[in-house]
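Undergrad: Dropping the structure in here first, questions after.
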Amino acid sequence: MKQRALNQCMEISGDPYGYLKKWKQNNNKKIISCFAMNIPEEIIHAAGLLPVIAWRSNESVSIGHSRVASFNCGLTRSFIDDVLKEKLNFLDGVVINRMCLQAQGIPFILEQNTKWANIIYMSLPALYDSDCIHDFFKSELDRLIIAMEKCSGNKITTEKIINSIEIYNHNRKLLSDIYEIRRNNIGIISAREILSIVHSSMIMPKEENNKLLLEVIEELNLKVAEGNPKSGIPVVIYGSLCQTPHPELLDLIENIGMVVVDDDIFIGSRYFVNSLNVSDNPIESMANRYFSHIPPCPTKGDYKSNWSAYISDIMNKNKAKAVITLMIKYCPPHMCAYPDDQITFEKKGIPEIMLEVEHEIISLEQVRTRLQSFVEIIGGI
Amino acid sequence: MSEYKLNRLETTKLIGNIVDKHWASLRHAKENGEKVAWCSGPVFAFPYAMDMKCHFMAGYSSYAGGRGAAQQLLEIAEEDGELIDSCSYHKLHMGMAAAMRKNIPVRKDVILPLPDLLISGRLCPEMSHYAEGLYRKMGVRVTGVDVPPPHQKSEIKYFEKYVERQIRESLIPALEDVCGKPFNYDRLTEILITLKETAILRNECWEYLKLKPSPWTLWDYGVSIAPVFYLMGSPEAVPYYNKLKAELADRAAKKIAALEPEKSRVYWDGWLPWAFLGKFSRIMCKLGMVPLVGRYPWEFFPHPETIDTEGDPVVSFVKQVYSNGGQAKDNMPSLNLPVIQNWIEDYNIDGLIMFSSKSCRMWNLGHNDFIAAIERQNGIPGVVIEGDMVDTRMNSFAQIETRLEALAEMIEARKG
C-alpha cells in the first residue's frame, strides 16, 4: 500500500536533527526549542520563528552525565547531552516552562554551556483559584511576546497570533481526525506510526505539516478501504509526559495480543486535544485553554484534577479493556500523581499495568514477560 | 583514635526541647480547640498570625528525619503505593496520611493532626504535588500560593507583586474563612519584629564562621535554623540566639575551634542531610574538614536589617522572600553563582561539596557547572556527592567517604 506521507512522518520523527538543519538552510529562519509542555507555540510562530518541541535524543547519554546526574529524566539528560555534543547548534534558542524542578534547573546549564542568545524561562502558574493567577499567566505570555519580538525582529500583532492559532487549530483538527480514523478502524495504524505522526507535527512548520497530515489521512482512508486491520485487545496508553516512549515498546504491546486504540501521552493526544477559541483576544483564548484542566496535567499544580477519571472516559469512548501506564523514570509530577490513579483504577475494576520507561533502552524481554502475563489476566491469548 | 577533636556547643543541645515543644503543640492543637494548617513553602507566618498551629513541610521532614522516624513513614508510604524515586519529603507526608487513614502506629512525636487547611506554597513544583496528594487522600480544603523563583534580577519585583497579590486575594481570605475572624495584621508584624531580632543575632553568629579556625560549623547552624524559620516569632527564638552568640564569643576569645585542628574549610551546597548529620560529621571530622557556609542554609532571611516592621507586614514579608534574599531568590543558580564566589573569599573556603539529593532536584542541576566556574575563578576543587536528606537507602556512605577523601587530597595538593 502507498504510504509516502506516513513514511515521511517516520523519517522526520526518526531524524529531527537532519530535517531541521536542512529546513533552516532552505528557509533561513530561526528555530526555537520548546522545553517542553504547555508552551504557547502560537506566539513563537506569530513572530515568524519555528517552534519545535524538545525531543529525546536518538543515542545514549554520555558526555551529558558530566552536567546532569543519572537520576534525572531522559529528556533532561539527553537534551543536555545533545547540547554538549553540539548536536543542537542549529537552534537559536529555547523557551523553557517551569513544569518541574528539572526544567527549573536547565537554564543555568544552558547559560554556562551554550552561546544561545535566547534562553527564555516562563513560570507558567499553578491552577490555583484566583484572578491574579490568570492575570499572571497572561503577563507571562506578554513577556514571551516581547522576547520573541526581540529574537525575530518582527512585531507580533493580534492578527498574527490569531492567524497562528487558526493554523495550529487546523493541525489539532487533523491529528484529531487521524485518531478518529483509528478509533473507528481499530488496528488500521500502529502505535509507532501514530507516535511518528504526532512527533512530525512537533518538529515541522505547522503549515507544511498540515499538508502532510491531509495526505496521511488520504492514505489511511485507502487503507481502511483495503481492510485487514490488526486485531487484539483494545488498550489505552497514558503517561509519558514530555518524553517520547520507545517505539520498540509500543511494537511489543501490539505484537503480543493488544492493540492501542487511543492514548493520553504528550507525543500523542495530550499535544493536540482542546483547540483554542478563535477570538479577538487570543491571549485570553490561550489562558482559557491553559486553565481548562483538559487534559489533566500533574505539572500544573492542579489539585482538583482527576486524571484517572479522564483516562476512564477515554477508555469508555474507545471501548478499551485495559490501560497501560508509561511512567517516565524520574518524572516527579507523574510519580506523585500515579499512586492515587492506580488506586482509582483498581476500585473501578480497570485492569492496569505500569511500565517504567527510561531514555536508555529498557530490558524488553522483562517487559514482554510482564505484558504477556497482563494479556492473560485481561483475557487475551 | 582520630587526630581531630570535635568540640560540641552547649547551646545547640537546647534546640531538641524547643522543636519538640513546637511539634507537641501542633499534635495537641485539636484537643485545645485550635485550628491546624499544613503548609509547604515559606508562607506559614500567615497561619501563625491567625494563632493557628501550623506544620511546615520541609521542617517536619527534617524533624522526622532527625528523630529517626523517616524510614518508617517512607515505608508506610511505599506500602500504600508511593514510588521509591518520589521526593522523600513528599513521601513522608503521604506516609503520615496513610498512617492516619489506616491507623498504623507511628512514633508519637512525629504524629500530625488532620489539618483544617492545606496551604500549597509552590516554591518548587513538588511542593504542590504534596498538597494534591493530600487533597485526594484527605479531602481537606487547599489554598495555593505560587512562588516562582526568578532567573533574572528583572523578575524579582514582578514576582514579588504576584505573590503579594495571591496572599491578599487567596491565602488571607482562606485563613479568615477557616478561622472565622479577620486576619491579624498586628500579629504578623509582631512575628516579623521577633524574626528581625532573631535573624540579626543569627547574622552576628554567622560572622564567627569566618574566623579561622571557626568556633562553630554549618552543622551547628543547621540544627539552629528552626528559630529563624518555622519557629519564627516564638518566645524561644531570641533567647536561643543570644545564648548561642555568647557561647561563640566566649569560644572566639579563648580560641576554641569547633574542630581541632581545622585542616580544611568547605562550602556545602544543597539540602542538609537531616537524618545523617552525625554520620557526615564523623566522616568529615576524620578528614579535618569543617563545613561552614551553604546556599540553602543561607536562604532564611539573610538580610534581616531590611525587614520593615513599620509598614505593611505582607509587603515586608514578601520582600524577604525576593528582593532582600530569601528562599525564592536564593535557590536560583543564575543569581547565586556570584554570591557563592564571594563567600569563597569571605569564609576562606578550600573546597566545595555539592550534595545532590537523589529524590529532590531543587539544587542539583548545575552542580557540576558551579564547580567548574568556581574552580576557574577561585582555584578551589569540588566534588558532587549523591544521597538523600532522610532516606537511608539512598545514601552509600562508603562511596561518600571515598569522594570526601578525594576532595581532602585535592585540597591538600592545591595548598601545596
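Here the protein sequences line up with chains A and B, keeping their order. Take 2 as the starting number for the first sequence in the working numbering and just add one per residue. Take 132 as the starting number for the second sequence in the working numbering and just add one per residue. The C-beta atom is built at its ideal place from N, Cα and C for all residues, glycine as well. Quick caveat: nothing in here was measured; it's all calculated off a predicted structure.
Short of 8 Å Cβ to Cβ, which residues in the stretch 252 to 280 of chain B face chain A?
TA: Arg253, Cys255, Pro256, Glu257, Ser259, His260, Tyr261, Ala262, Glu263, Gly264, Tyr266, Arg267, Lys268, Val273, Thr274, Gly275, Val276, Asp277, Pro279 and Pro280
Undergrad: Taking the C-alpha atoms as reference points, what is the distance between Gly147(B) and Ser61(A)?
TA: 48 Å
Undergrad: With distances taken between CB atoms, is the gap from Ser490(B) to Cys218(B) smaller than 9 Å?
TA: Contact check for Ser490(B) against Cys218(B) passes: the beta carbons are separated by less than 9 Å.
Undergrad: Under the three-state reduction of DSSP, which class applies to His46(A): helix, strand or coil?
TA: helix
Undergrad: Who are the neighbours of Tyr291(A) on chain B, taking C-beta pairs under 7 Å?
TA: The premise fails here: Tyr291(A) is roughly 13 Å from chain B at the closest Cβ pair, so nothing lies under 7 Å.
Undergrad: Using a threshold of 9 Å, state whether the C-beta atoms of His46(A) and Tyr122(A) are closer than that.
TA: Going by beta carbons, His46(A) and Tyr122(A) fall outside the 9 Å limit.
Undergrad: Of all the options Gly94(A), Cys101(A) and Ser140(A), which has the alpha carbon lying nearest to the alpha carbon of Pro256(B)?
TA: Cys101(A)
Undergrad: Would you kindly work out how many angstroms separate the C-alpha atoms of Cys170(B) and Met225(B), rounded to a whole number?
TA: One C-alpha to the other measures close to 14 Å.
Undergrad: What's the call for Gln105(A), buried or exposed, on a 16-neighbour Cβ count within 10 Å?
TA: Looking at its Cβ environment, which holds 16 or more other Cβ atoms inside 10 Å, Gln105(A) is buried.
Undergrad: Count the C-beta pairs between the stretch 138 to 155 of chain B and the stretch 272 to 287 of chain B that are closer than 8 Å, then say yes if the count reaches three, no if not.
TA: no
Undergrad: Taking the straight line between their C-alpha atoms, what separation do you get for Val309(B) and Ala195(B)?
TA: 27 Å
Undergrad: Distance cutoff 9 Å, beta carbons only. Does Asp103(B) sit that close to anything in chain A?
TA: Chain B is shown from 132 up to 547; residue 103(B) falls before or after that span and cannot be answered.
Undergrad: Please tell me whether Gly106(A) has its Cβ less than 9 Å away from any Cβ of chain E.
TA: Here chain E cannot be found, since the structure's protein chains are A and B.
Undergrad: Could you please give me the residues that DSSP links to Thr274(B) through a beta bridge?
TA: Bridge partners of Thr274(B): Ile250(B).
Undergrad: Under DSSP, the beta strand (DSSP E) around Tyr122(A) begins and ends at which residues?
TA: Unbroken beta strand (DSSP E) run through Tyr122(A): Asn119 to Met123.
Undergrad: Pick helix, strand or coil for Arg396(B), following the three-state DSSP scheme.
TA: strand
Undergrad: List the residues that DSSP assigns as beta-bridge partners of Ser487(B).
TA: Glu517(B)
Undergrad: Just curious, the alpha helix (DSSP H) that Ser313(A) is in, first and last residue?
TA: Trp308 to Asn319
Undergrad: Which of the three DSSP states is assigned to Phe187(B) in this structure?
TA: Phe187(B) falls in the strand class under three-state DSSP.
Undergrad: Out of curiosity, what's the CA-to-CA distance linking Ala383(B) and Leu326(B)?
TA: 26 Å
Undergrad: Quick check: what's the CA-CA separation for Glu430(B) versus Leu362(B)?
TA: Roughly 15 Å between the two C-alpha positions.
Undergrad: Please determine, among Pro281(B), Gly252(B) and Arg333(B), the residue with the shortest C-alpha to C-alpha distance to Leu302(B).
TA: Gly252(B)
Undergrad: Using a Cβ cut-off of 9 Å (strictly closer), state whether Cys491(B) contacts chain A.
TA: yes
Undergrad: Evaluate contact between the stretch 284 to 298 of chain A and the stretch 187 to 200 of chain A, counting only Cβ atoms and requiring at least three cross-stretch pairs below 8 Å.
TA: no
Undergrad: Are at least three pairs of beta-carbons, each pair with one atom in the stretch 342 to 357 of chain A and one in the stretch 42 to 57 of chain A, less than 8 Å apart?
TA: With contact defined as three or more Cβ pairs closer than 8 Å, the stretch 342 to 357 of chain A and the stretch 42 to 57 of chain A are not in contact.
Undergrad: Pick from Trp350(B), Asp439(B) and Thr533(B): whose alpha carbon is nearest that of Lys144(B)?
TA: Trp350(B)
Undergrad: Could you name the residues of the stretch 289 to 312 of chain B whose beta carbon sits closer than 7 Å to any beta carbon of chain A, in the order they occur along the chain?
TA: Tyr293, Arg296, Gln297, Glu300 and Ser301
Undergrad: Would you give the residue range spanned by the alpha helix (DSSP H) that Ala200(B) belongs to?
TA: Ala200(B) -> no alpha helix (DSSP H), and no H or E assigned at all.
Undergrad: Tell me whether Gly350(A) is buried or exposed, calling it buried when 16 or more other Cβ atoms sit within 10 Å of its Cβ.
TA: So Gly350(A) ends up on the exposed side.
Undergrad: Of the residues that make up the stretch 300 to 327 of chain A, which ones have a beta carbon closer than 9 Å to any beta carbon in chain B?
TA: Thr300, Lys301, Gly302, Asp303, Tyr304, Lys305, Ser306 and Asn307
Undergrad: Under 9 Å between the Cβ atoms of Gly302(A) and Leu128(A)?
TA: A contact, by the Cβ cut-off of 9 Å.
Undergrad: At a CB distance below 8 Å, what residues from the stretch 96 to 130 of chain A approach chain B? Give them in sequence order.
TA: The stretch 96 to 130 of chain A vs chain B, Cβ under 8 Å: Arg99, Met100, Cys101, Leu102, Gln103, Gln105, Gly106, Ile107, Pro108, Phe109, Ile110, Glu112, Gln113, Asn114, Tyr122, Ser124, Pro126, Ala127, Tyr129 and Asp130.
Undergrad: Using the Cβ count rule (16 or more neighbours within 10 Å means buried), how would you classify Thr159(A)?
TA: With fewer than 16 other Cβ atoms inside 10 Å of its own Cβ, Thr159(A) counts as exposed.
Undergrad: How would you call Arg139(B), buried or exposed, if buried means at least 16 neighbouring beta carbons within 10 angstroms?
TA: Using a 10 angstroms sphere on the CB of Arg139(B), the tally of other CB atoms stays under 16, which defines it as exposed.
Undergrad: Helix, strand or coil: which one does DSSP assign to Tyr372(B)?
TA: helix
Undergrad: Can you grab the Cα-Cα spacing for the pair Asp211(B) / Met227(B), in whole Å?
TA: In this structure, the CA atom of Asp211(B) is about 11 Å from the CA atom of Met227(B).
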